[in-house]
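Student: I have a structure here, written as structure tokens, and I will follow up with some questions on it.
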Amino acid sequence: MKKIVIATLIVLLCLFLYLVALDSFCDQDQNGGNFTIGICKITGYLPF
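Encoded structure:
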């Protein structure tokens, strides 16, 4: 049980850090490519 909780916390931490990095990438990108537009729409819903 303890291992499941730790694994879940690690996955959530990695997801959070990935979204923070993605948000930073989207703030820097000025080209607006198709891939970037699709991915960066997700970060528009983030509170940070």
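Start counting the sequence shown at 97; every next residue gets the next number (this note's numbering).
Even for Gly, the Cβ is constructed at its ideal location relative to N, Cα and C.
1) Find out if the Cβ-Cβ distance for the pair L113, T139 is shorter than 8 Å.
2) So, with DSSP's three-state summary, where would you put G140?
3) Under 6 Å Cβ to Cβ from T104, same chain only, skipping five residues before and after it: list those, please.
Tutor: The structure says:
1) no
2) coil
3) none
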